[in-house]
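Sequential numbering from 1 applies to the sequence shown in the working numbering. Each residue gets a CB set at the ideal place from its N, CA and C atoms; glycine is no exception. As the structure is a computational prediction, the values presented were derived from the model and not from experiment. As C-alpha cells, the structure follows; a few thoughts come after it.
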Amino acid sequence: MNIHSKPSALISKEADVTPFVKAAMSNTNDQRLRSIMDSMVSHLHAFLLDVRPTEEEFEAVLRWIVAVGQATNDSHNEAVLAADVVGASTLIDLINNDGMQGETMSALLGPFYRGEAPICENGDCIARGDTPGAKLIVSGKVLDCDGNSIAGAALDVWQASPSGMYENQDPDQPEMNLRGKFTTGEDGTYEFETVKPKGYPVPTDGPVGELLRAQNRTPMRPAHIHFIVSAPECKTLITQIFADTEEMMINDVVFGAKQQIAGDLREKADGTFTCEYDFVLKPGVPTFPVPPIKGKADA
Ligand code: BEZ
Ligand code: FE
C-alpha cells in the first residue's frame, strides 16, 4: 500500500521536503527497506531541522564520510570503527542479543577479526614468536541454556598483543599471532594458553581519531579477548571477555564492556594467570560474520 500520496506541488519551503522525499520512496517493493528508509528520512530530517547545519558544516561532514571510506582497505576498517565510537554497534548488539535466555552476553566483533585463524588443539598457545606478556591460561566449558555441555563447539579466539596492536596492524608480529580456533572436547571443555591482554588505543590516525580528539575522548579499550563461539542449532555468540579495572571498562571508547562478561583473572604464585569462563549458547541458527578485514597491512 502506498501511504504517501504524490505531492501536487513542487517544494517551496522547509516543511515540504520530508513528505516529498517520502512519497518518492514509497514504491519500494521490499517492505522492510521501505519502512527503514521512511523512518530514516523522518529522523534525519528532524535532526537537520533541529541542528540547522551551515553549508560549511554539511561539507565538512561529507568530507569526513569520504575520509572514512578512503581510510578503509583490506587490512583496516574505519567504517566499523566509526559505528563503534558513536555507540551504534553496541546498540545494534543489544537490540539483537538481550541475554534474556541466560546465554552469555555478546559484545562487539570489532574491526580486527580475520577468518582463517589457525586450527589449534586444546591446551595450545596462541602467542607465537616472542610475544611479550605474562602467561595466561583460559579454560572453561561451552554449555546450552539448560546447563548441558556442548561437545564439538567451535571457539574462534583473537586478541591484541600487550604491545597494543593486533598482528595485522604490526609488521613485527608473526602472521596470525594471538589468533586460534579451538573445539570443545566430549565434556564441552576448552583450554588455551595466551598472554595476559592489555588495554590498547583504537587507531587514531584517520577521521575517527580526528573526531575523538575534537571530543576530548580517550582512544583506549579495556584489556579483553575476543571470542566467536558456535555450535550446531545454537545462535553464534560473538563476545569479549574483559580483564581490566572497572574504570577502564566504564571508559571503553567503543562502549563494548559489560559487567556480565568481566573475566575473573587469578594470579598464581609464579606470576602467571588463569581465567575460567563458561560460555552459554542459546538455541538458534549458527551464522558467521563476514570478517571486516582480510589480512595484514603491507609493511
Ligand atoms: C576491538 O576490540 O578489537 C575493537 C572494537 C571496536 C573498535 C576498535 C577495536
Ligand atoms: Fe579488541
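- Counting every other CB atom within 10 Å of its CB across the protein chains shown gives C120 a total of 16 or more, marking it as buried.
- In the three-state reduction of the DSSP assignment, L212 falls in the helix class, which pools H, G and I.
- Closer than 6 Å to some heavy atom of the ligand BEZ: that does not describe the Cβ of D93.
- If you look at K22, you'll find it in the alpha helix (DSSP H) that goes E14 to M25.
- Between the ligand BEZ and the CB of V254, the shortest heavy atom gap is smaller than 6 Å.
- Considering only S26, C125 and I150, the residue with the shortest C-alpha distance to V138 is C125.
- Approximately 5 Å separates the beta-carbon atoms of P292 and P111; this is inside 8 Å, confirming the contact.
- Bounds of the alpha helix (DSSP H) holding I36 are Q31 to V51.
- Relative to the ligand BEZ, G110 has its C-beta within less than 6 Å of a heavy atom.
- Partner residues in the beta bridge of R266, as assigned by DSSP, are T274.
- For D156, the secondary structure class from DSSP, reduced to helix, strand or coil, is strand.
- Per the DSSP secondary-structure output, N73 pairs in a beta bridge with H76.
- Sequence-distant partners of T272 (beyond 5 residues in either direction) whose C-beta falls short of 8 Å from its own C-beta, in its chain, are A134, K135, L136 and I137.
- Secondary structure at Q240: strand, using DSSP grouped into helix, strand and coil.
- For E191, the three-state secondary structure derived from DSSP is strand.
- Judged by DSSP secondary structure, S139 falls within the beta strand (DSSP E) whose first and last residues are K135 to D144.
- Remark: the C-beta of V86 is outside contact range of the ligand BEZ, defined as less than 6 Å to any heavy atom.
- Taking 7 Å as the cut-off, the beta carbon of S89 is found closer than this to the beta carbon of A83.
- Nearest Cα to K196 within the set D244, A214 and A151: D244.
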